[in-house]
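This report refers to the structure that appears directly beneath it.
Numbering (this note's numbering), first residue to last: 69 to 632.
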């Protein structure tokens, strides 16, 4: 009889030392049992339920990166037999698929099927070695805890790295989109491409939100190139770089003689983008003066050049992007709510790289090829089918398990470092420093279990609310804010209105204050009375604790929770 132990996906990927501890606990190397919930088909199940997929992240043949095998048959109770010769993996934009076809893989298949409790069972039958996460499978393992935006690395014979993850069953498989210049085939990118297609032909402004390094400018360009304005100009500006004095001149242009040094007319960025698209990057870093002039132009469709007295009509689609927490900035008074409403006609949310494990192989090779081209070098090619791969599986597993705080930009830097450090060698090699960096930023167990991709970030024009904001009285708003401790989303949920309407209501009712409205003297007095306790201060002043914390820091005060 085989003894079975339950391991979640996160436990399998938590520590390198997990392999030894698992074997010690079982007392033998013949069986390991854990349990991943997979979508089983039923008549009541929605058609867009996710299905498990194996995507190639590393292979001796780099052209195979991104090929994938859909495991939808598991949901109907069938097994998939995976070996060197079968089944065929779908190849990007190709009618015919191909098996893994590496001579070092065994012809004896690995069995992948449903587990009794709804998980995925992987059975090793004496062929190629199989390492799932950090655990080498001696016989059987069931996976539990697989969720959207999460992936489990599976290494076959120390040659091929697969990523087990979830996709939409109807998603078209392609490694990237030439028209959009975007690389990726996973769930997050599939949804993003669909959402770009839904809003590209609209005239509404778009607000792109996402962490630093996620490719917001690339998405802005894709929106422009997919729109009816594609033949018009595309102009980009980083608002964080515009000083207060020169912002109006840069954006709206200058009439000759408007100020000392204005020796000629300048059209400005808005007029340069006439008939096309203006991309406002880092809009969350714009000064309040820049915000004011932007709002005026967006509301009127006209601008006045500096020194000019005649309005100029403009025809520009505005796309803005930020990694800032605009909700908090609005509460703090550092970002204008009306400008937010104007910019966020539609919103796109970009997934962080840690939620795109299935795309890491594709992205790495994309960047590595670019770096090799810059060095006028080529990826080493060997005719020995048993020679080691240019990218060792151990490095790819490290990349798959890293947290990527710098997202795609950081992955590109890592690819550059590896290519440069391995010049003239047949394989990429990790130096001690980079290996330590990748190991120190591994995804932890709790992160694996709790994180998920938003279901959709489609065009978010404010939907018809269940209640009209005009129906809400000042006392009702105040009561809801107090009940939710000034959490805007919780307040919106309680009042059954969109969160954006809460900003309008706060502006409408003068008795409702934000942290940005508080005078420094009032904050300092409350700080003394509450002994720096931020929670008590927020309750007494009746403002958001988070926003109040920012004001406290700006005044050089230290919350009690930070005092050691």
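Each residue gets a CB set at the ideal place from its N, CA and C atoms; glycine is no exception.
Quick one: grab the DSSP three-state call for residue i.
{"i": "residue 345", "result": "strand"}
{"i": "residue 434", "result": "helix"}
{"i": "residue 157", "result": "strand"}
{"i": "residue 306", "result": "strand"}
{"i": "residue 566", "result": "coil"}
{"i": "residue 372", "result": "coil"}
{"i": "residue 625", "result": "coil"}
{"i": "residue 523", "result": "Any reading at residue 523 must be qualified, since the residue scores a pLDDT of 36, below 50, and its modelled position is unreliable; no value is offered."}
{"i": "residue 47", "result": "Given a span of 69 to 632 for the chain in the structure shown, any question on residue 47 remains unanswerable."}
{"i": "residue 580", "result": "coil"}
{"i": "residue 535", "result": "coil"}
{"i": "residue 555", "result": "coil"}
{"i": "residue 261", "result": "helix"}
{"i": "residue 136", "result": "strand"}
{"i": "residue 358", "result": "helix"}
{"i": "residue 616", "result": "helix"}
{"i": "residue 282", "result": "coil"}
{"i": "residue 546", "result": "helix"}
{"i": "residue 390", "result": "strand"}
{"i": "residue 293", "result": "helix"}
{"i": "residue 606", "result": "helix"}
{"i": "residue 323", "result": "coil"}
{"i": "residue 166", "result": "strand"}
{"i": "residue 572", "result": "helix"}
{"i": "residue 141", "result": "helix"}
{"i": "residue 380", "result": "strand"}
Grab me the residues of residue i's own chain with a C-beta within less than 8 Å of its C-beta, minus the 5 sequence neighbours each way, in chain order.
{"i": "residue 157", "result": "122, 124, 132, 135, 136, 137, 165, 166, 167 and 168"}
{"i": "residue 494", "result": "448, 450, 455, 456 and 458"}
{"i": "residue 366", "result": "273, 386, 407, 410 and 411"}
{"i": "residue 359", "result": "403, 404 and 407"}
{"i": "residue 88", "result": "With a pLDDT of 30 at residue 88, under the threshold of 50, the modelled position of that residue is not reliable, and the figure given next carries that caveat. No residues qualify anywhere along the chain."}
Given residue i, which residues of its chain have a CB within under 6 Å of its CB, disregarding the five upstream and five downstream residues?
{"i": "residue 512", "result": "The predicted position of residue 512 is uncertain, since its pLDDT is 49 and thus under 50; no value can be drawn from it."}
{"i": "residue 519", "result": "Low confidence applies here, because residue 519 scores a pLDDT of 27, under 50, leaving its location unreliable and the question unanswered by this model."}
{"i": "residue 195", "result": "174 and 176"}
{"i": "residue 317", "result": "374"}
{"i": "residue 388", "result": "275, 348, 351 and 411"}
Go to residue i, then tell me how far its alpha helix (DSSP H) extends in each direction, as first and last residue.
{"i": "residue 594", "result": "588-597"}
{"i": "residue 252", "result": "Element bounds for residue 252: n/a, residue is neither H nor E."}
{"i": "residue 221", "result": "No alpha helix (DSSP H) contains residue 221, which is instead part of the beta strand (DSSP E) from 220-224."}
{"i": "residue 272", "result": "It is not in any alpha helix (DSSP H) - residue 272 carries neither H nor E in the DSSP assignment."}
{"i": "residue 487", "result": "475-489"}
{"i": "residue 508", "result": "500-508"}
{"i": "residue 420", "result": "Element bounds for residue 420: n/a, residue is neither H nor E."}
{"i": "residue 701", "result": "Residue coverage of the chain in this structure runs from 69 to 632, which leaves residue 701 outside it and unanswerable."}
{"i": "residue 339", "result": "336-340"}
{"i": "residue 408", "result": "405-411"}
Along the chain, where does the beta strand (DSSP E) containing residue i start, and where does it finish?
{"i": "residue 210", "result": "208-211"}
{"i": "residue 415", "result": "414-417"}
{"i": "residue 121", "result": "119-126"}
{"i": "residue 233", "result": "228-235"}
{"i": "residue 152", "result": "Taken as a continuous stretch (DSSP letters only), residue 152 belongs to no beta strand (DSSP E), as it is neither H nor E."}
{"i": "residue 465", "result": "Segment 461-469 is the alpha helix (DSSP H) holding residue 465; no beta strand (DSSP E) there."}
{"i": "residue 191", "result": "188-191"}
{"i": "residue 199", "result": "198-200"}
Write down the C-beta distance between residue i and residue j rounded to the nearest angstrom, noting that I regard them as a contact closer than 8 Å.
{"i": "residue 535", "j": "residue 563", "result": "7 Å"}
{"i": "residue 181", "j": "residue 127", "result": "Not really, about 24 Å apart at Cβ, beyond 8 Å."}
{"i": "residue 396", "j": "residue 615", "result": "6 Å"}
{"i": "residue 343", "j": "residue 297", "result": "7 Å"}
{"i": "residue 341", "j": "residue 301", "result": "5 Å"}
{"i": "residue 566", "j": "residue 560", "result": "6 Å"}
{"i": "residue 236", "j": "residue 258", "result": "6 Å"}
{"i": "residue 583", "j": "residue 394", "result": "Actually they do not touch by this definition, with Cβ atoms about 15 Å apart."}
Taking 7 Å as the limit between beta carbons, can you name the residues of its chain near residue i, skipping five residues before and five after?
{"i": "residue 478", "result": "281 and 472"}
{"i": "residue 139", "result": "119, 120, 121, 122, 148 and 180"}
{"i": "residue 338", "result": "319, 320, 346, 365, 371, 382 and 384"}
{"i": "residue 603", "result": "613"}
Touching or not, the segment 412-422 and the segment 273-288, by the rule of three or more beta carbon pairs under 8 Å? yes
Does the segment 437-446 touch the segment 473-491, meaning 3 or more C-beta pairs lie closer than 8 Å? yes
Below 8 Å, how does it come out for the segment 202-209 and the segment 228-238: are there three or more Cβ pairs, yes or no? no
Three CB pairs or more closer than 8 Å across the segment 475-484 and the segment 423-432: yes
May I ask you to verify whether the segment 347-356 touches the segment 299-319, counting CB pairs closer than 8 Å and requiring at least 3? Judged by Cβ distances under 8 Å, the segment 347-356 makes contact with the segment 299-319, as three or more pairs qualify.
Taking 8 Å as the cut-off, does the segment 536-554 touch the segment 566-582 (at least 3 CB pairs, one atom from each stretch)? yes
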